[in-house]
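First up is the structure itself, then whatever we jot down about it.
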Amino acid sequence: MGGLVVGSLKAFNIALCCKWWWRLKTEPKSLWAKLIRVIHRLDNKTDDFLDSRSRSGVSSREATWVSDLANGGRYTVVSMRQAIDNSISSTILGPFHWNKVVPLKVACFAWRVNLNRIPTTVKLHRRGISSVDKNCSYCGVMDETTDHLLCRCPAMCSILDQVFRRYGIQHSSFSCVSKILDFASSLGTCPKRRRMLISICYGMFWCT
Ligand SMILES: [Zn+2]
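For the sequence shown, my numbering assigns the number 28 to the initial residue and increments by one for each residue that follows.
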């Protein structure tokens, strides 16, 4: 799973499925299209059925199907995958990098951190558990959000400083957890070193 990018895999699967619809539209007389129509009994549904499932980036112009995602109007899995990846990246903070250096439970925790899905006290309050103190467990001053707890809290800033200094890495302050992971995943040119640094970040999240 080294370097596996979850967002890209998801986008790849969707893009491959979209290619089915594209080929059914653009190559209706091919053997492949005829076979799919028989297997899925599409002959009685035909265009209305397919039109209702047309995807963004594909449009019909004067009875010819063109893709708005690539030059020449030809659908490609790469162009659709890129468009989906861009869309996903803007909504879930970016793709998550799994690796085998840390235990699975640590990687899963980091994955939840990246999605802002850990049960901080602020989250617990929102779910109606008001018996817990909303303030940070370490500094006791600010609300305990994911970004504060693992990035902006003075206690965590000190840990980050010490760890990065230990490896001779210069860094500025981070505003959110995703900035830490972006920094670790784009540092230098050695993939092995980057992978190790990401693992260390996951370990810090887990231990905190
Ligand atoms: Zn704090």
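Virtual Cβ for every residue (Gly too), placed ideally from N, Cα, C.
Query raised in the report: If you drop the 5 nearest sequence neighbours on each side, which residues of the same chain put their C-beta closer than 7 Å to that of residue 212?
Result: Taking the sequence shown and counting its residues from 1, the one referred to as residue 212 is at position 185. By the criterion of a C-beta distance shorter than 7 Å, residue 212 is surrounded in its chain by 124, 221, 225, once the five residues flanking it on both sides are discounted.
Query raised in the report: Between which two residues does the alpha helix (DSSP H) containing residue 197 stretch?
Result: On the sequence shown, residue 197 is found 170 positions in, with the first residue counted as 1. It is not in any alpha helix (DSSP H) - residue 197 carries neither H nor E in the DSSP assignment.
Query raised in the report: Listed in chain order, which residues are found with a beta carbon closer than 5 Å to a heavy atom of ligand 1?
Result: Result: 163, 165, 166, 180.
Query raised in the report: So, residue 108 versus residue 182, is the Cβ gap smaller than 8 Å?
Result: As a first step, residue 108 must be located in the sequence shown, where it is residue number 81. As a first step, residue 182 must be located in the sequence shown, where it is residue number 155. Going by C-beta atoms, residue 108 is not nearer than 8 Å to residue 182.
Query - residue 159: first and last residue of the uninterrupted alpha helix (DSSP H) it sits in - result: As a working note, residue 159 is residue 132 in the sequence shown. Careful: residue 159 lies outside any alpha helix (DSSP H) and carries neither H nor E.
Report task. Could you give the DSSP three-state label for residue 170: helix, strand or coil? Result -> Here residue 170 refers to the residue found at position 143 when the sequence shown is read from its first residue. Strand.
**Report entry** C-beta contact flag for residue 47 and residue 102 at 8 Å
**Finding:** Reading the sequence shown from its first residue, position 20 is the one you call residue 47. Reading the sequence shown from its first residue, position 75 is the one you call residue 102. No.
Query raised in the report: Mind checking residue 156: buried by the 16 CB within 10 Å criterion, or exposed?
Result: Start at 1 with the first residue of the sequence shown, and residue 156 comes out as number 129. Classification for residue 156: exposed.
Query raised in the report: In whole angstroms, what is the alpha-carbon distance linking residue 127 and residue 139?
Result: Sequence index remark: in the sequence shown, residue 127 carries index 100 (1-based). Sequence index remark: in the sequence shown, residue 139 carries index 112 (1-based). Cα to Cα, residue 127 sits roughly 17 Å from residue 139.
Requested in this report: Indicate whether residue 204 and residue 178 have their beta-carbon atoms separated by less than 8 Å.
Outcome: Taking the first residue of the sequence shown as 1, we reach residue 204 at position 177. Taking the first residue of the sequence shown as 1, we reach residue 178 at position 151. Yes, they are a contact pair.
Query raised in the report: Do you know offhand how far residue 142's Cα is from residue 196's?
Result: Numbered from 1 along the sequence shown, position 115 holds the residue referred to as residue 142. Numbered from 1 along the sequence shown, position 169 holds the residue referred to as residue 196. Between the C-alpha atoms of residue 142 and residue 196 there is a straight-line separation of about 26 Å.
Query - C-beta contact flag for residue 184 and residue 176 at 8 Å - result: Sequence index remark: in the sequence shown, residue 184 carries index 157 (1-based). Sequence index remark: in the sequence shown, residue 176 carries index 149 (1-based). Not in contact: residue 184 and residue 176 (Cβ atoms no closer than 8 Å).
Report task. Can you tell me the Cβ-Cβ gap for residue 229 and residue 129, rounded? I've got them flagged as a contact below 8 Å. Result -> On the sequence shown, residue 229 is found 202 positions in, with the first residue counted as 1. On the sequence shown, residue 129 is found 102 positions in, with the first residue counted as 1. Contact holds; Cβ gap of about 5 Å.
Requested in this report: Give the secondary structure of residue 175 by DSSP, where H, G and I count as helix, E and B as strand, and everything else as coil.
Outcome: On the sequence shown, residue 175 is found 148 positions in, with the first residue counted as 1. Here residue 175 sits in helix by DSSP.
Query raised in the report: Whose C-beta lies closer than 7 Å to the C-beta of residue 174 among residues of the same chain, with five residues either side of it excluded?
Result: Looking up residue 174 in the sequence shown gives position 147. These residues qualify, in order along the chain: 203, 204.
**Report entry** Closest Cα partner of residue 223 within the set 199, 191, 200, 235
**Finding:** Residue mapping note: residue 223 aligns to position 196 of the sequence shown, counting from 1. Of 199, 191, 200, 235, the residue nearest in Cα terms is 191.
Query raised in the report: Do you know offhand how far residue 81's Cα is from residue 92's?
Result: The residue you call residue 81 lines up with position 54 of the sequence shown. The residue you call residue 92 lines up with position 65 of the sequence shown. Since pLDDT at residue 81 reaches only 48, below the 50 mark, its modelled position is unreliable, and the value read off the structure follows with that caveat. The C-alpha of residue 81 lies about 11 Å from the C-alpha of residue 92.
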